[in-house]
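A.B. asks: Quick note on numbering: the sequence shown equals residues 448 to 729 in this note's numbering.
Handing you a structure now.
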Amino acid sequence: MQEFNTQKGLKTYLSSSELKTSTIGFVPTMGALHKGHLALVKKSVEENEITVVSIFVNPTQFNNKEDLEKYPRDIAKDKNLLGGISNSILLFTPSVKEIYSDDVAAGSYDFQGMDLVMEGKYREDHFAGVATIVEKLLTLVMPTRAYFGEKDFQQLQIIRALVCLKKIPVQIVGCPIVREPHGLAMSSRNQRLSESSRKEAGFIYQTLLATKEKFGTENVQSIVDWATAQFNHQRDLKIEYFEIAESDTLKKLTKKQDNKKYRAFIAVYTEGVRLIDNIALN
Numbered sequence: 448m449q450e451f452n453t454q455k456g457l458k459t460y461l462s463s464s465e466l467k468t469s470t471i472g473f474v475p476t477m478g479a480l481h482k483g484h485l486a487l488v489k490k491s492v493e494e495n496e497i498t499v500v501s502i503f504v505n506p507t508q509f510n511n512k513e514d515l516e517k518y519p520r521d522i523a524k525d526k527n528l529l530g531g532i533s534n535s536i537l538l539f540t541p542s543v544k545e546i547y548s549d550d551v552a553a554g555s556y557d558f559q560g561m562d563l564v565m566e567g568k569y570r571e572d573h574f575a576g577v578a579t580i581v582e583k584l585l586t587l588v589m590p591t592r593a594y595f596g597e598k599d600f601q602q603l604q605i606i607r608a609l610v611c612l613k614k615i616p617v618q619i620v621g622c623p624i625v626r627e628p629h630g631l632a633m634s635s636r637n638q639r640l641s642e643s644s645r646k647e648a649g650f651i652y653q654t655l656l657a658t659k660e661k662f663g664t665e666n667v668q669s670i671v672d673w674a675t676a677q678f679n680h681q682r683d684l685k686i687e688y689f690e691i692a693e694s695d696t697l698k699k700l701t702k703k704q705d706n707k708k709y710r711a712f713i714a715v716y717t718e719g720v721r722l723i724d725n726i727a728l729n
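Here is the structure:
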């Protein structure tokens, strides 16, 4: 596995004459890899001649300094996991200075309000930071396809809006959520949870499944009220938000329409760790 830690080194390699006609798959990550990340990498390896994986804990998308400091990092383990998939993966592991130079700041984007709801409401400027690093990486790698998990569905939709806004010629591929045996959506942050909390957090997915069942017969507000109330009885799970929104626009649902698709979105705290999840409802 070849590793690059400078933009110039990676760009020079990818622009070499023997690779110019190759299809490139790209999986941007912040490391602490798990089966969800690996599913994205496997899909990229299957669908492209070259796969680039980046590991970079991006400071501009953290609005909480403590969360940034506590974000799990284990580059040696990550390399072993990637090597188990393919030794031909190109790994990009830049420093913060390499990416941002002396200006560690997020850019400004107009996402028509998609970045201000749900995650954006509780994590100020989070999506500006995400868009900044994704734009930098996509314009560096110039992949044929880039792969993102649906666990961060709001992020996925914003990245789709980003490539349209900036006219970046890449296919954004959304991949299904990978779950732990008890239903908890896989996340690097799960590493910070005790085993008992991981099991208990499976209740988040159980609530989403029940929401999906109710969606066909009950009105939206009654479902939201019911789902929120379920966490009143969970001693160690504190709900931050529960919303039902249009899948394409992320606009809060008030009245169902037959020709539109909807999702339920949730954020919950346990043991000081913030967990998010979502489910397609129709």
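Where a beta carbon is used, it is the ideal one built from N, C-alpha and C, also for glycine.
Among residues of its own chain, excluding the 5 on either side of Met-477, which ones have a beta-carbon nearer than 8 Å to its beta-carbon?
C.D. replies: Counting from 1 along the sequence shown, the entry for residue 477 is found at position 30. Only Ile-502, Phe-503, Val-504, Asn-505, Tyr-518 and Ser-635 meet the Cβ criterion.
A.B. asks: Since Ala-486 and Cys-611 should fall inside the 8 Å C-beta cutoff, what is the C-beta to C-beta distance between them, to a whole number of angstroms?
C.D. replies: As a first step, residue 486 is located in the sequence shown; it is residue number 39 there, counting from the start. As a first step, residue 611 is located in the sequence shown; it is residue number 164 there, counting from the start. That pair is no contact at about 26 Å.
A.B. asks: Should Asp-724 be labelled buried (16 or more other beta-carbon atoms within 10 Å of its own) or exposed?
C.D. replies: Here residue 724 refers to the residue found at position 277 of the sequence shown. Counting Cβ neighbours within 10 Å, Asp-724 comes out buried, since at least 16 surround it.
A.B. asks: Return the CA-CA distance between Gly-530 and Asp-521, expressed in angstroms with no decimal places.
C.D. replies: Translated into positions along the sequence shown, residue 530 becomes position 83. Translated into positions along the sequence shown, residue 521 becomes position 74. Looking at the two C-alpha atoms, the distance is approximately 14 Å.
A.B. asks: Quick check: what's the CA-CA separation for Leu-697 versus Glu-465?
C.D. replies: Walking along the sequence shown from the start, residue 697 turns up at place 250. Walking along the sequence shown from the start, residue 465 turns up at place 18. Whole-angstrom Cα-Cα distance: 42 Å.
A.B. asks: Given 7 Å as the limit, tell me if Phe-689 has its C-beta closer than that to any heavy atom belonging to the ligand COA.
C.D. replies: The model on display carries no ligand, and the ligand COA is accordingly not part of it.
A.B. asks: At which residues does the beta strand (DSSP E) containing Phe-473 begin and terminate?
C.D. replies: Along the sequence shown, read from residue 1 onward, the residue named residue 473 stands at position 26. First-last of the beta strand (DSSP E) with Phe-473: 471-476.
A.B. asks: In the DSSP assignment, find the alpha helix (DSSP H) that holds Gly-660 and state where it starts and stops.
C.D. replies: As a first step, residue 660 must be located in the sequence shown, where it is residue number 213. Note that residue 660 is Glu in the sequence shown, not Gly. Counting along the chain, the alpha helix (DSSP H) containing Glu-660 begins and ends at 649-662.
A.B. asks: From Tyr-556, Ser-491 and Leu-537, pick the residue whose C-alpha is nearest to that of Ile-606; which is it?
C.D. replies: Residue 606 sits at position 159 when you count from the first residue of the sequence shown. Comparing Cα positions, the closest option is Tyr-556.
A.B. asks: Quick one, which of Thr-459, Ile-624 and Thr-717 has its alpha-carbon nearest Arg-639's?
C.D. replies: On the sequence shown, residue 639 is found 192 positions in, with the first residue counted as 1. Measuring from the Cα of Arg-639, the nearest candidate turns out to be Thr-717.
A.B. asks: If you count every other CB in all the chains shown that lies within 10 Å of the CB of Glu-690, and 16 or more means buried, which is it?
C.D. replies: Residue numbering aside, residue 690 sits at position 243 when the sequence shown is read from its first letter. The residue is buried, with at least 16 neighbouring Cβ atoms inside 10 Å.
A.B. asks: For Lys-685, which of Lys-702, Ser-694 and Arg-721 has the nearest alpha-carbon?
C.D. replies: Residue mapping note: residue 685 aligns to position 238 of the sequence shown, counting from 1. Lys-685 has its Cα closest to that of Arg-721, out of Lys-702, Ser-694 and Arg-721.
A.B. asks: Per DSSP, Cys-611 is paired with what?
C.D. replies: In the sequence shown, residue 611 corresponds to position 164, counting from 1. BP columns for Cys-611 are empty, so no partner.
A.B. asks: Considering just the uninterrupted stretch of the alpha helix (DSSP H) at Gln-668, what are its terminal residues?
C.D. replies: Here residue 668 refers to the residue found at position 221 of the sequence shown. Unbroken alpha helix (DSSP H) run through Gln-668: 667-677.
A.B. asks: Among all the DSSP beta bridges, which residues are the ones paired with Ser-501?
C.D. replies: Within the sequence shown, residue 501 is the residue found at index 54, counting from 1. Answer is Pro-475 and Phe-539, bridged to Ser-501.
A.B. asks: Consult DSSP for Tyr-716 and reduce its assignment to one of helix, strand or coil.
C.D. replies: The residue given as residue 716 occupies position 269 in the sequence shown. Of the three classes helix, strand and coil, the one that applies to Tyr-716 here is strand, per DSSP.
A.B. asks: Go through its chain and collect everything with a Cβ distance to Asn-495's Cβ below 7 Å, but skip five positions before and after it.
C.D. replies: In the sequence shown, the residue the question calls residue 495 occupies position 48. Within the same chain, Asn-495 has close Cβ partners Thr-470, Ile-471, Gly-472, Thr-591 and Arg-592.
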